[in-house]
Amino acid sequence: MFSREFLEILHVAERLKDTPRHCTTSQGRVESVAEHSWRISLMAMLLKDVFPEADNNKVICMCLIHDLGECFTGDIPTFRKTDHDRDVEDSLLHQWVKTLPSEVSERMLQLYAEMDAQQTLEARLYKALDKLEALIQHNESPISTWSPNEYDLNKTYAFDAVAFSAWLQDLRQEILQDTLDKIEREGANK
């Protein structure tokens, strides 16, 4: 890969720093997609010893690239995202990836295929972390920033994504307890 190609990839990826997500930080600032991707990558790194059988480097790579399509479409919250939105994002992402140097393009396309198939431990782990981080962030954000549907969503979301792991199921229960405590403490009527 030439240095100019490397820079061009980074210039596109930089868009995620300015791409807002639906959630806010603990201080009420709108979170960027890049911040979300950074934290799920950190989560993957921290879980290396919990999942020693997983290729941790691959999980981190999946976490880092999983939302690159949002460079082209912006973030659409999961509860608003349609199949058409997913198709458009995937199409634009794949068009861009195919223009990258072949060694990068091939590696990314393989990762995206594995992520989509959800057949490997690494793909399931990345997907669980993606969903869990959103829940954790909502629990950290001011409850005044929650939309009405998020009271129920934070109680029910991602249980299917963690079903493959007792450790992640326990983590999901802890997150649920944080949600219930937050609603009790800061609920919409207070």
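Residue numbers for the sequence shown follow the numbering used here, beginning at 3 and rising by one. Every residue, glycine too, gets a C-beta built ideally from N, C-alpha and C.
* Should residue 151 be labelled buried (16 or more other beta-carbon atoms within 10 Å of its own) or exposed? -> exposed
* How would you call residue 71, buried or exposed, if buried means at least 16 neighbouring beta carbons within 10 angstroms? -> buried
* Residue span of the alpha helix (DSSP H) that contains residue 17, given as start and end -> Note, residue 17: premise wrong, no alpha helix (DSSP H); not H, not E.
* Asked: How many Å lie between residue 12 and residue 6 at the Cα?
  -> 10 Å
* To do: Indicate, with yes or no, if the ligand NAD has a heavy atom lying under 7 Å from the CB of residue 3.
  => As for the ligand NAD, it is missing from this structure, which has no ligand bound.
* To do: Report back the beta-carbon spacing between residue 62 and residue 47 to the nearest angstrom; my notes put them in contact at under 8 Å.
  => 6 Å
* To do: Could you spell out where the alpha helix (DSSP H) holding residue 33 opens and where it closes?
  => Note, residue 33: premise wrong, no alpha helix (DSSP H); beta strand (DSSP E) at 32-34.
* **For residue 181, the nearest candidate out of 170, 26, 154 and 172 (CA to CA)** => 154
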